[in-house]
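K.L.:
In this note's numbering, the protein residues as written are 13 to 267.
(1) With distances taken from CA atoms, which of 188, 228, 249 and 146 is nearest residue 208?
(2) Output the distance between the C-alpha atoms of residue 55 and residue 175, rounded to the nearest integer angstrom.
(3) Note down, in chain order, each residue of its chain lying with its Cβ closer than 6 Å to the Cβ of residue 58, except the 5 sequence neighbours on either side.
(4) Take residue 136 and list the residues in its own chain whose beta-carbon comes closer than 6 Å to its own, dropping the five residues that flank it on each side.
(5) May I ask you to report which of helix, strand or coil DSSP gives residue 131?
(6) Closest by CA to residue 43, which one among 60, 50, 74 and 226?
(7) Please determine if the region 195-205 and the region 232-241 are in contact, where contact requires at least 3 C-beta pairs separated by less than 8 Å.
(8) So, helix, strand or coil for residue 152, using DSSP?
(9) Whole angstroms are fine: how far does the CA of residue 31 sit from the CA of residue 173?
(10) Enumerate, from N- to C-terminal direction, the unbroken beta strand (DSSP E) stretches of 3 or more residues contained entirely within the region 139-194.
(11) Quick check on DSSP: helix, strand or coil for residue 19?
(12) What does the alpha-carbon distance come out to for the pair residue 118 and residue 155?
(13) Which residues in the same chain have their Cβ closer than 7 Å to the Cβ of residue 138, if we skip the five residues on either side of it in sequence?
(14) Helix, strand or coil: how does DSSP classify residue 83 here?
(15) Ends of the beta strand (DSSP E) at residue 49?
(16) How far does the alpha helix (DSSP H) with residue 232 in it reach, from first residue to last?
(17) Contact defined as beta carbons within less than 8 Å: I believe residue 211 pairs with residue 253. What is the distance between those atoms, to the nearest angstrom?
(18) Just the Cα atoms here: how many angstroms apart are residue 91 and residue 223?
(19) Which first and last residues belong to the alpha helix (DSSP H) in which residue 217 is found?
(20) Please say whether residue 33 and residue 60 have beta carbons closer to each other than 7 Å?
(21) By alpha-carbon positions, which one of 86, 40, 27 and 35 ends up nearest to residue 157?
Okay, here's the thing in structure tokens:
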């Protein structure tokens with residue numbers, strides 16, 4: 013589920029998420045060099061990337077997922093080599109790691125094996141990783157599409173790799189109706205029947221959620237705790253307001 017911890021069985025897919033997933037998988041299946049998923053914090057980018065990884069693995073591709081937050085050029089290459097099962101010998105130079113990656117991808121291409129490199133939090137990398145994305149894109153051309161890069165980032169005008177994306181893929185905040193559907197479904201998955209939730213409460217949940225699946229999930233988790241401690245509690249707009257004020261959610265901006 014978007015905004016929920018890995019391993020949860022409940023899943024919510026708005027039309028926007030379904031379309032975004034289809035676009036990302038299309039790029040991977042067609043062997044395009046690079047695609048960038050753009051969305052504000054909490055809109056479900058990380059969960060979507062995990063779905064891409066799962067689907068690509070199901071297709072028989074190697075899917076390497078790396079969170080590049082705070083990684084510089086050398087750290088990213090080290091993580092990528094690890095994801096590609098490249099054995100590094102102690103301190104290897106940038107040139108040596110690039111050569112090892114090139115040889116590994118070329119070898120996989122000869123075996124008709126495709127690799128998808130998935131990068132999360134690209135906007136939080138310690139350095140601009142565009143040169144390395146260009147390197148992998150060049151390998152894509154040399155190996156007839158044997159390696160593709162799928163990345164996710166928050167909107168950042170200074171991000172140079174935006175123009176390299178094969179498709180425009182965006183995740184926008186949920187609409188008010190989608191937020192209510194999300195909250196209702198998630199609460200029911202937590203064994204809270206709809207009969208215990210007033211329509212005004214759903215309105216308040218959607219309002220405080222600000223279209224962010226992660227924020228909505230956090231609020232629903234707090235409601236679950238409240239219900240578990242007060243079994244006969246009926247979820248009303250007042251209950252939602254009290255919870256958000258006690259946890260300072262009412263003063264937060266969307267995240």
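Virtual Cβ for every residue (Gly too), placed ideally from N, Cα, C.
These figures come from a predicted structure and were not determined experimentally.
P.N.:
So, from the data block:
(1) Looking up residue 208 in the chain shown gives position 196. The candidate whose alpha carbon is nearest that of residue 208 is 249.
(2) Position 43 of the chain shown holds residue 55. Position 163 of the chain shown holds residue 175. Those two C-alpha atoms are separated by around 22 Å.
(3) Reading the chain shown from its first residue, position 46 is the one you call residue 58. 132.
(4) The residue given as residue 136 occupies position 124 in the chain shown. Correct list, in chain order: 81.
(5) For the purposes of this step, residue 131 is taken as the residue at position 119 of the chain shown. Residue 131 falls in the strand class under three-state DSSP.
(6) Taking the chain shown and counting its residues from 1, the one referred to as residue 43 is at position 31. Selected option, being the one with the closest Cα: 74.
(7) yes
(8) Position 140 of the chain shown holds residue 152. Three-state result, residue 152: helix.
(9) The residue you call residue 173 lines up with position 161 of the chain shown. The residue you call residue 31 lines up with position 19 of the chain shown. If I take the Cα positions, the gap works out to 22 Å.
(10) 159-165 and 180-183
(11) The residue given as residue 19 occupies position 7 in the chain shown. With a pLDDT of only 42 at residue 19, under the threshold of 50, the placement of this residue in the model should not be trusted; the figure read from the coordinates follows. Coil, per DSSP.
(12) As a first step, residue 118 is located in the chain shown; it is residue number 106 there, counting from the start. As a first step, residue 155 is located in the chain shown; it is residue number 143 there, counting from the start. Distance between the alpha carbons of residue 118 and residue 155: 6 Å.
(13) Within the chain shown, numbered from 1, the residue matching residue 138 stands at position 126. Excluding residues within five positions, the ones whose Cβ falls inside 7 Å are 82, 83 and 84.
(14) Within the chain shown, numbered from 1, the residue matching residue 83 stands at position 71. Of the three classes helix, strand and coil, the one that applies to residue 83 here is coil, per DSSP.
(15) Against the chain shown, residue 49 aligns to sequence position 37. Note, residue 49: beta strand (DSSP E), 46-51.
(16) Taking the chain shown and counting its residues from 1, one reaches residue 232 at position 220. Taken as a continuous stretch (DSSP letters only), the alpha helix (DSSP H) holding residue 232 covers 225-241.
(17) Start at 1 with the first residue of the chain shown, and residue 211 comes out as number 199. Start at 1 with the first residue of the chain shown, and residue 253 comes out as number 241. Actually they are not in contact, since the Cβ atoms of residue 211 and residue 253 sit about 15 Å apart, beyond 8 Å.
(18) Taking the first residue of the chain shown as 1, we reach residue 91 at position 79. Taking the first residue of the chain shown as 1, we reach residue 223 at position 211. Roughly 33 Å separates the two Cα atoms.
(19) On the chain shown, position 205 is the one that residue 217 refers to. Here the alpha helix (DSSP H) through residue 217 covers 211-221.
(20) Numbered from its first residue, the chain shown carries residue 60 at position 48. Numbered from its first residue, the chain shown carries residue 33 at position 21. The answer is yes: Cβ separation under 7 Å.
(21) Locating residue 157 in the chain shown gives position 145, counting from the first residue. Among 86, 40, 27 and 35, the Cα nearest to that of residue 157 is on 40.
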